[in-house]
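Read in order, the letters of the sequence shown correspond to residues -35 to -1, 1 to 1241 in mature numbering (1 follows the signal peptide of the UniProt record, and there is no 0).
Backbone N, C-alpha and C define an ideal beta-carbon position, used for all residues, glycine too.
Have a look at the structure below, then the notes.
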Amino acid sequence: MKKLNAQEIFSIRKLSTGIASVGIAMIFMSGQVAADEVTSPEPVVENQGVEVKEDGNSAVYQAYPFAEETVMTVQPVAEEFAGEADSQAQRSEVTVAAVPASDEAKSVPIEEGSFRVHFKELPSDNVESLGLWSWDDVEVPSSDKGGWPTGATSFAQAGRDDYGYYMDVRMKGEQAKKISLLINNTAGENLTGDKTIERISSDMNQAWLDQNFKLSLYRPLQEGYLRINYFRTDGNYDQKSLWLWGDVADVQMGDWPDGINFEHQGQSGVYRDVKLTELANSIGFLLLDESQSGDAVKIQSKDYNFADLKNHTQIFLKDDDATIYTNPYYVNDVRVLGAAHNRLDSLEASFSTLDGVSKEDLLGKLSVVDKDAKGVVIRDLVMDPESKKVQLLGDFSAEGAGYTLRYGTDAFPTKMAWQLKDQLYGYQGELGARVSEQGQVVDLTLWSPSAEQVDLVLYDKFDPNYVVGTLPLTRGDQGQWALQLNLSSGLGIKDYRGYFYHYQITRQGEKVLVLDPYAKSLAAWNSDLVDQGLANRVAKAAIVDPSEAGPKDLGFASIPNFEQREDAVIYEAHVRDFTSDPALAGELSHQFGTFAAFAERLSYLKDLGVTHIQLLPVMSHYFVNELKNGERLSEYASSNSNYNWGYDPQSYFALGGVYSTDPSDPMKRIQEFKNLVHEIHKQGMGVILDVVYNHTAKTFLFEDLEPNYYHFMESDGAAKSSFGGGRLGTTHHMSRRVLVDSIKYLVDEYKVDGFRFDMMGDHDAEVIDLAFAEAKKLNPNVIMLGEGWRTFTGDTNQPVKPADQDWMSSTDTVAVFSDEIRNTLKSGYPNEGQPAFITGAPKNLESVFNNIKAQPGNFVADDPGDVIQYIAAHDNLTLFDIIAQSIKKDPSKIENVTEIHQRQRLGNLLVLTAQGTPFIHSGQEYGRTKQFRHPDYRYPVSEDNVPNKAHLLTNADGSPFDYPYYIHDSYDSSDAVNKFDWSKATNANLYPENVRTHDFTKGLIALRKSSDAFRLGTKEEVDKSVTLLTIPGQNGIGSEDLVIGYQTVASNGDRYAVFVNADSKERIFTLSDADRDLLQGQVLVDGARAGTQALMNLQGMTLGQNSLTLAPLTATVILLPAQAEQAQTTTKEQVLEEQLPVEEEVISDSTLPQGHKHVLQEGQAGKKISRYLETWQDGQLMERTLVSETIEAGQKRIVLVGTAKSKGVDQPGKVTPISQENPSKIKMILEQNPVIEPANEDKEKLPNTGEQSSLLTLLGVNLVAISVGLFKKKED
């Protein structure tokens, strides 16, 4: 591969790119190289060149380090203020990294109203696959440009300078305070994490991200240096110098006051780069004016001390200001971020920091005026440095609300904080629309204390776009607005049921249409119309009485043997996926993808054995066209599909119409969902709803209801957002009511049996505890679980206890998912696809064992029920797919399919035999895949054409799989990707491995449910009853290994031993003397089967006297019943004799009268002698094994039958004893008619073999043939 010089690199383009690319290349070829003003021999910019690879389709550019530095003389440019006037600087020779000639000497000036973000490096060399996703105070958020990730601005448009790449983002006006961004790729991955830039000055128009994407408000220097910038208003820098001490290196100063001079001039005055010692902690210095004498030499009499060397490489000084600034805008680190009117006797100001600040300092700078600009006396200050908040005490009545806080020259209008709204307007009454008198009366209530007017906009029941009328609501004393619709409302309506409505809120001259947050049903929703007027921006509420719909006998689930949360086996399913397989088209009575269709297939889940069905969100979500829910999505697609997981809620009380057979009928969805719950309960299973309170689809859904209240707040009162919507602030009274009231409603009205909280760590623990308590009052068997990731932000600087994994040590009400067992067994975020325990990577056995005990290492679980044990869920790759990715084996080959399923069965076994509560993803039981089998993607494509949310999977040799793309987050994918494949789940002829995995998983569920050994209810029971059998360092077991064996003891004393060999070779498990009796137990699981019955003809395992051997990728479970522990076991040989029937030979004799019978020879019975080995326990025969079988032949009975005609009277049937006959006659007859008899010798027989059966058959055929021959001969 040819190494190119800097000027050649960026001029290479494919010919097909056209004239524009050639022109760009010519500009690159003629560019100049610039460097920062650095005289130190250490380069600030790393050396990088580029290597070009051609794959026949596109050029791939890959960075590589240059072999040596290049020294050149350049004109210094102050890059940290690109776009402003150049400073006066002398030409100096510096050592810098070589930069491609295409990099411009100076960045293009920043346009007014734009903000520039500089990137030292990008996450990928393929720039065209990367995009900048931005939100908050930007002119057009990326989410408004398109869905994730396509709404991002492509880095193909990025500029280049000698720092790296840069992108310009248009700001939302000069008052823009915050710009948030991240870099994603066309596969939908967030490559940098969320980054937020606080715009601390109106002059601030750029920021820098280093190679680790750490944010800086100036251009970062290389590690080990600190730049001291000094700006003077008078521009006089003559004889100005620095006196340094502390952790500085190679500094030579003369006698006092002969300090070191500033060497360079930049946009922030003059500066000096100071080299630091290797482990520098702090630096001290003085600013000197050497033209002065005595104390006047010190420009600032106080010593400067700076200790934040880990986070800053530049500092900024100004005139004789004693403050050390860490930004070039001279904005004090101590600054007000926002102010709120939080109580009637106080205002609350949020500060950037309160370090080193006294009350006197603040009192001297703070002042307050009311809405009429009248000053308000500040009686006192209460400072909280930890939360960075200051309470200003005074008389701040509601009448004067609209206060403005001043800090120095900066003014901050206050907003009434949620705390004060709770104090003044905390409402406890009913909300929403309540129907009575058969629809003749409807009482409506909305809470919006800041509204100046609220009107009801009523729409026709047959045409939701037609406005029937508008009626005003009346304000109450707690911020509530109320209206009663009745026969006297003047609308001419006798029954309001089925009509639709919005509330219209007027506030400060602005009107908005809002959705009733307590609406119980909605009109059909189509997000494609949101830009077509305010009436289409949010769903319309429906006036319904939910109690009138569905089965009248709907009740809570009665689940056999379910007494505690550890008894649950949770099955996660998506309503549409479960019946969208076209193979079901002829079997379903209802439209696929609906509640009604789901109810038709419940027998499958009943047979599987799960206890709870967890449905992905079924409440109304925003991005969908419900009216097209019946259209099949049969083509492979992973974006722009009319499909949704539902994690973009717009209502917490109303079901989505997308799962109804008639979305336009607001009662139909209620009826059909109630019926589904009813049918699930009839099958002995429960229903868990996945609920999404951590964020809404759009911030305006609640902000329009009551601004600066419903969401968690920034310091300035702005709503915090997440995933494009607002973070519901559940510490606020009315926000808390939304969550708790809706949970109570769903339990009471729909009789659901549990909830799974999306991103539960975003909530405070108190609200989840409260929701659980209220739900349990209604349904004593309710269970709750959630994602306990540590993601809580809450209100800025107002810490509370989050509902995350750390909460598990102090609650036993709600469980969290264990990411540690997931990552240990099969890998997961952030290393998804890396080998793990079931995919060939040895793991620490103590850690594996502790996770099996529901005692993970990354949080404290004081109860096994605190832990949801899982290795797959709706997001990320399916278990089948991630195994294929991890072992790098293409499932298009049958041998690879077999191995993937073996590993999948190991994963399912480890989850279903672990303590805690197991959770399986729909299809995990059969090996579900989300392979992207679009014909255009059978082979890899360029990165800019990669399907959304796709991973490219390759074999160990780097070659791609056949159809190599697999979707890891299919929330916007078609049915072709998402469908539950019923053939794979049930058709053993077509998919034997899939069905084998299904049956194996079904057997494991039955095993788990059969004994409490796998469902222990307390940590104390687990510690006592669950023990490790494979001890690291003994019998060939490593501290990190691919095998594990453990024992768990049931409450009745039954002992279960679980052994797992995830190795690619056979492994022997040697048991101690104390555990050797386990080998006498019943094998319930082997290499191919699982269940509750003892298995014979074991597969993949061999039992020895003191050990067992497992084949590669095999597991077993052995049960030793409690009574067997003290049983006396003996073995003995038993011989049984069985008398065989006497055979009779009949021979015709012409010398005897016709019909006369003569016994020529008496018969003797033969014997069958069987030898058995018997096993007896306590006098009871437990097992009998056939060792050998011997046949002793007997003697045939020979009878002569006369055929001669007689003149006398015949005596038919007369039998003449043999003694009456002449012996010579007998001999003659025998000679003439020889009797064929079996050889009279013992013959050993192998029991139950095909060979034996064949020989006996052959012998029988021969005897028949001989007999026929004897009869024929006699007749002749």
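- Short of 7 Å from the beta carbon of Gly129, and not among the five residues preceding or following it, lie these beta carbons of its own chain, in chain order: His83, Phe84, Lys85, Glu86.
- Cβ contact annotation for Leu146 (same chain, cutoff 7 Å, sequence separation greater than five): Val82, Leu97, Trp98, Ser99, Lys160, in chain order.
- The beta strand (DSSP E) runs of length 3 or more contained entirely in the segment 925 to 980 are, from start to end of the chain, 925 to 932.
- Of Arg1020, Gly434, Leu180, Leu598, the smallest CA-CA separation from Ile162 is found for Leu180.
- For Glu531, the closest C-alpha among the options Asp718, Pro883, Thr369, Ile1083 is that of Pro883.
- Residue pairing by DSSP places Trp210 opposite Gly249 in a beta bridge.
- Straight-line spacing of the CA atoms in Arg300 and Asp345 works out to 19 Å.
- For Val477, the three-state secondary structure derived from DSSP is strand.
- Taking a contact as a CB-CB distance under 8 Å, the pair Phe560 and Val540 counts as one, their CB atoms being some 6 Å apart.
- Judged by pairs of C-beta atoms under 8 Å, the segment 692 to 699 touches the segment 380 to 392, as three or more such pairs exist.
- Listed in chain order, the non-local C-beta contacts of Gly138 below 7 Å within the same chain number zero, local neighbours out to five positions each way being set aside.
- Residue pairing by DSSP places His676 opposite Leu693 in a beta bridge.
- Residue range 633 to 647 is occupied by the alpha helix (DSSP H) that includes Asn640.
- Rounded to whole angstroms, Leu389 and Gln443 show a C-alpha spacing of 7 Å.
- According to the DSSP assignment, Tyr390 belongs to the alpha helix (DSSP H) that extends over 383 to 390.
- The secondary-structure analysis by DSSP pairs Phe884 across a beta bridge with Ile535.
- Closest by C-alpha distance to Val583, out of Gly923, Asp127, Gln615, Phe845, is Gln615.
- The beta carbons of Leu282 and Asn246 sit about 20 Å from each other, so the pair does not count as a contact at 8 Å.
- By the Cβ-count criterion, Gly200 is exposed, with fewer than 16 other Cβ atoms from all chains shown falling within 10 Å of its own Cβ.
- Residue pairing by DSSP places Asn1026 opposite Val1008, Thr1079 in a beta bridge.
- Excluding five sequence positions before and after His277, the CB atoms of its chain that fall closer than 7 Å to its own CB belong to Thr291, given in chain order.
- Burial state of Val1100 is exposed, judged by a 10 Å Cβ sphere holding fewer than 16 other Cβ atoms.
- Less than 7 Å divides the Cβ of Val534 from the Cβ of Thr576.
- Going by beta carbons, Lys914 and His933 fall inside the 7 Å limit.
- Of the residues assessed, Thr1067 falls on the exposed side of the cut-off, its CB having fewer than 16 other CB atoms within 10 angstroms.
- Thr198 is positioned such that its CB atom lies no closer than 7 Å to that of His306.
- With a contact defined as Cβ atoms closer than 8 Å, Phe979 and Thr1013 qualify at about 6 Å.
- About 6 Å separates the Cβ atoms of Val342 and Gly359, confirming a contact at the 8 Å cut-off.
- Here Lys476 is exposed: its Cβ has fewer than 16 other Cβ atoms, across all protein chains shown, within 10 Å.
- Residue nearest to Lys354 within the set Asp496, Asp681, Gly689, Lys267 is Asp681 (criterion: CA-CA distance).
- Looking from the CA of Ala838, the closest CA among Thr951, Phe665, Ser935, Glu537 belongs to Glu537.
- Short of 6 Å from the beta carbon of Gly1018, and not among the five residues preceding or following it, lie these beta carbons of its own chain, in chain order: Ala1087.
- By the neighbour-count criterion, in which 16 or more other beta carbons inside 10 Å mark a residue as buried, Ile859 falls on the exposed side.
- Secondary structure within the segment 517 to 600: the beta strand (DSSP E) runs of 3 or more consecutive residues, fully enclosed, are 535 to 538, 577 to 580 (chain order).
- Shown here, Arg898 sits in coil according to DSSP, grouped into three states, outside any helix or strand.
- Between the segment 774 to 793 and the segment 483 to 491, the count of C-beta pairs closer than 8 Å stays below three; the two stretches do not touch.
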